[in-house]
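In numbering that gives the first Met the number 0, the protein residues as written are 0 to 563. Glycine included, C-beta positions come from ideal geometry on N, C-alpha and C. If you're wondering where the values come from, they're calculated on a predicted model, not measured in any experiment. Here's the structure, in structure tokens; my notes come after.
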Amino acid sequence: MSEPSALEAEPQLEREPRLSLLWIIPLVAVVVAVWLGWRTLSQEGPLITLTFNTADGLIAGQTRVKHKAVDLGTVRAIRLSEDMSHVIVEVRMRREATAVLTDHARFWVVRPRFTPSSVSGLETLVSGSYIEIDPGPPGGTAQRAWKGLEQPPAVRSGEPGHTYVLHTRSLGSLGIGSPVLFRDASVGEVLGYDLGAPGGEAVVRVFVHAPFDAYIHAGSYFWSESGLSVNAGASGFHLEVQSIQALLTGAVAFDTPPEARSAPVAADGADFPLYPDRTAAAASRYTNSIPIVVHFHGSVRGLAAGAPVEIYGIQIGEVTDVTLHYDFATKTLDVPVRLTVQPDRISAPGAPPPTQERAKESLAALTKNGLRAQLRTANYLTGQLYVAFDFFPGAKPATIGEEDGAIVVPSQPSDFETLARMVDIIGRKLEAVPIERIAGNLDSSLAALAGIATGKELKTTLQSAATTMASAQALLRQINTNAGPALARLPRISAELEASLDRANRLMAALESGYGANSPLPRDLERLVGEMNDAARSIRSLADLLDQHPEALVRGRSGPVEER
Numbered sequence: 000m001s002e003p004s005a006l007e008a009e010p011q012l013e014r015e016p017r018l019s020l021l022w023i024i025p026l027v028a029v030v031v032a033v034w035l036g037w038r039t040l041s042q043e044g045p046l047i048t049l050t051f052n053t054a055d056g057l058i059a060g061q062t063r064v065k066h067k068a069v070d071l072g073t074v075r076a077i078r079l080s081e082d083m084s085h086v087i088v089e090v091r092m093r094r095e096a097t098a099v100l101t102d103h104a105r106f107w108v109v110r111p112r113f114t115p116s117s118v119s120g121l122e123t124l125v126s127g128s129y130i131e132i133d134p135g136p137p138g139g140t141a142q143r144a145w146k147g148l149e150q151p152p153a154v155r156s157g158e159p160g161h162t163y164v165l166h167t168r169s170l171g172s173l174g175i176g177s178p179v180l181f182r183d184a185s186v187g188e189v190l191g192y193d194l195g196a197p198g199g200e201a202v203v204r205v206f207v208h209a210p211f212d213a214y215i216h217a218g219s220y221f222w223s224e225s226g227l228s229v230n231a232g233a234s235g236f237h238l239e240v241q242s243i244q245a246l247l248t249g250a251v252a253f254d255t256p257p258e259a260r261s262a263p264v265a266a267d268g269a270d271f272p273l274y275p276d277r278t279a280a281a282a283s284r285y286t287n288s289i290p291i292v293v294h295f296h297g298s299v300r301g302l303a304a305g306a307p308v309e310i311y312g313i314q315i316g317e318v319t320d321v322t323l324h325y326d327f328a329t330k331t332l333d334v335p336v337r338l339t340v341q342p343d344r345i346s347a348p349g350a351p352p353p354t355q356e357r358a359k360e361s362l363a364a365l366t367k368n369g370l371r372a373q374l375r376t377a378n379y380l381t382g383q384l385y386v387a388f389d390f391f392p393g394a395k396p397a398t399i400g401e402e403d404g405a406i407v408v409p410s411q412p413s414d415f416e417t418l419a420r421m422v423d424i425i426g427r428k429l430e431a432v433p434i435e436r437i438a439g440n441l442d443s444s445l446a447a448l449a450g451i452a453t454g455k456e457l458k459t460t461l462q463s464a465a466t467t468m469a470s471a472q473a474l475l476r477q478i479n480t481n482a483g484p485a486l487a488r489l490p491r492i493s494a495e496l497e498a499s500l501d502r503a504n505r506l507m508a509a510l511e512s513g514y515g516a517n518s519p520l521p522r523d524l525e526r527l528v529g530e531m532n533d534a535a536r537s538i539r540s541l542a543d544l545l546d547q548h549p550e551a552l553v554r555g556r557s558g559p560v561e562e563r
């Protein structure tokens, strides 16, 4: 046999590479997965627990925890508590949020909220609700469980400004979020309030933003602002509206009097009283006050603590207390009204500082001049009263006294009480009048008059009177007819008498020359001439009278007749 050729040699097998390029892809995927897992685990923070009253708007795996729009965690689970009174939300926080998870942090759900004081969370209508975290001030103790807030806080941590504490007897319409006003501009808000113990004062916490907190000094005053002010003065009614927010939720306003602007700026957390209105707040600047007691012996309905005390229409104080007192010695009731008068409201240049003794001396002198305290109506629609000091010259003499450290000033009955007493006296006098008997006699008299009016005697009398009037008119017409010729002859008679007088005068002259002045004949003739002159004037007057009033022949002359 021959040897095999080279072409027929046994084939040799080559080994393939042990690592294929196809393994690169899963290896890269594993590396990426390991890297992503390591990155996730390295960025993952602690697991915290939040409790809320409701889980409205929260979805496990989707709802985020944010601060200033930056994601800091994700809600992992939501479950009810064992007693089903609230919900428990588990949140996986990011590692960078670990530093802020302290007891200073606050959590709340941001969702659309519509309140009279604000509108917030409108962006969640598109993006959905989320949980907001406020880290609070630096420091604090690490914590992993919190009770979430049901309402967003009014002030976030780090916001410049100061918080103040106000004390008041009544909250009025104030609520969380009510604005704080300065010169009608909103410079802060109400953070919250505490009603306090029964019989005590409520506490209201307010926040004022910087730089407006620098306007609050130790002598500043705060008051409740309703948002609506109505004033009636000499120029008419004046209506002022602060803002719609203040009108709906109320507001707190503050101001600083000129004398307090040099005082230090109020520190954070300073306490201030909250007055019911600006008038009461402005009155607080008058720190010097003198207590006075006035005893009224009538109704004080409409008078309450806080009512003004005025003299000549200028307020000088206010009422502090109204009580009812029974005197066992005299067995009588009266109403002692306690009030305070601020002497600083009364200008007295050059006078020494007012004291209790000086005030007592001044009031004693004024009381001798008729100074009295009187209740007067401040508002006829509401019936509110106020105390007015005025001078009554006709008042009964009185002196001032002292009672429980307060000066006792005499009172004067109000005008209404005086009128009521007069009406009461008149009523008693009317009660004494026998009205029923008078009414009975009047009814009898009216019945008798009615009988006379309808009787035959009155009809007969009226018929006789009518007949008499007709006869008188006929007689007057006859007199007028017959008096015509007589009136025509009267002028001729008067002319003849005048001619006779002329002749008599000439005869008198002749006799005077013949007989002398001492003979009785001239005197008799002179007397005769005078009587004839009087007769002529009388006839002329009669002629004139009858010419103007012919009816005088029957009725007579009704008045004097002017002589011609």
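Pairwise C-alpha distance: residue j and residue i
i: V292; j: A303; result: 14 Å
i: V334; j: S177; result: 40 Å
i: E258; j: Y192; result: 30 Å
i: F106; j: K65; result: 10 Å
i: S298; j: A153; result: 48 Å
i: L71; j: F206; result: 28 Å
i: T459; j: S444; result: 22 Å
i: E81; j: A59; result: 19 Å
i: L365; j: A184; result: 46 Å
i: F253; j: P197; result: 27 Å
i: Q128; j: A98; result: In the sequence as presented, Gln is not what sits at residue 128; that position holds Ser. In a straight line, the C-alpha of S128 is about 24 Å away from that of A98.
i: E564; j: R371; result: Because the chain spans 0 through 563 in this model, residue 564 falls outside it and cannot be assessed.
i: V408; j: R168; result: 29 Å
i: E562; j: S540; result: Its pLDDT being 42, under 50, E562 is placed unreliably by the model, and the measurement read from it follows with that caveat. Rounded to whole angstroms, E562 to S540 spans 6 Å at the Cα level.
i: A469; j: I425; result: 54 Å
i: H584; j: L332; result: The first residue shown for the chain is 0 and the last is 563, placing residue 584 beyond what the model contains.
i: R260; j: G187; result: 20 Å
i: P352; j: G404; result: 19 Å
i: W34; j: S156; result: 37 Å
i: H85; j: I77; result: 11 Å
i: S172; j: V74; result: 38 Å
i: G382; j: P307; result: 14 Å
i: G319; j: R63; result: For the sequence presented, residue 319 should be read as Thr rather than Gly. Straight-line Cα distance between these residues: approximately 57 Å.
i: N378; j: Y274; result: 22 Å
i: S361; j: I437; result: 58 Å
i: T53; j: V109; result: 13 Å
i: A446; j: E435; result: 16 Å
i: V251; j: S223; result: 5 Å
i: A397; j: R277; result: 37 Å
i: A262; j: P348; result: 26 Å
Beta-carbon contacts of residue i that lie in its chain and below 7 Å, excluding the five residues immediately before and after
i: D212; result: G160, H161
i: Y214; result: F181, T255
i: A233; result: Note that A233 has pLDDT 41, beneath the 50 cutoff, so the model's placement of it is unreliable and the number below is only indicative. Excluding residues within five positions, none has a Cβ falling inside 7 Å.
i: D102; result: G139, T140, Q142
i: A104; result: I132, D133, P134, G135, W145
i: E200; result: H166, T167, R168
Cβ-based neighbour list, residue i, same chain, cut-off 6 Å, excluding 5 preceding and 5 following
i: A387; result: E309, Q373, R375
i: Y220; result: A280, S283
i: K146; result: T50
Closest residue to residue i among the options (Cα-Cα distance)
i: I399; options: T319, E356, Y274, E43; result: E356
i: Q61; options: R204, E89, R371; result: E89
i: A583; options: Y285, A209, R204; result: Residue 583 is absent from the model: the chain starts at 0 and stops at 563.
i: S390; options: I345, K367, R300; result: The displayed chain sequence assigns Phe, not Ser, to residue 390. The option with the nearest alpha carbon to F390 is K367.
i: N287; options: G187, G36, Q341, I130; result: Q341
i: T322; options: P307, G312, L338, K330; result: L338
i: E95; options: H294, A347, G44; result: G44
i: E158; options: L170, E149, A68, P134; result: P134
i: E149; options: L79, D55, V189; result: D55
i: P392; options: Q411, L384, I406; result: Q411
i: T354; options: D442, I406, K330; result: I406
i: V336; options: V30, R300, P396, G439; result: R300
i: V202; options: A363, L165, A262; result: L165
Contact set for residue i: own chain, Cβ-Cβ below 8 Å, skip 5 residues either direction
i: A516; result: Summary for A516: the model assigns pLDDT 49, below 50, so the residue's position carries little reliability; its value from the coordinates is reported in the next sentence. Hits under 8 Å: none found.
i: M0; result: Because the pLDDT of M0 is 47, which lies under 50, any placement of that residue in the model is unreliable, and the question is left without a value.
**Item:** Continuous beta strand (DSSP E) assignments of at least 3 residues falling wholly in the region 27 to 104
**Value:** 43 to 51, 63 to 66, 69 to 79, 86 to 93
**Request:** Please go through the region 131 to 208 and give each complete beta strand (DSSP E) segment of 3 or more residues, from N-terminal end onward.
**Result:** If we require 3 residues or more, the beta strand (DSSP E) runs fully inside the region 131 to 208 come out as 144 to 146, 160 to 167, 178 to 181, 184 to 193, 201 to 208.
**Request:** Would you list, in sequence order, the uninterrupted beta strand (DSSP E) runs of no fewer than 3 residues that lie entirely inside the region 247 to 284?
**Result:** 250 to 254, 270 to 274
**Message:** What ranges does the beta strand (DSSP E) occupy inside the region 334 to 394, keeping only unbroken runs of at least 3 residues that lie completely in it?
**Reply:** 370 to 378, 383 to 390
**Message:** Counting beta carbon pairs with one atom in the region 44 to 61 and one in the region 21 to 30, are three or more of them shorter than 8 Å?
**Reply:** The region 44 to 61 and the region 21 to 30 do not touch, with fewer than three beta-carbon pairs separated by less than 8 Å.
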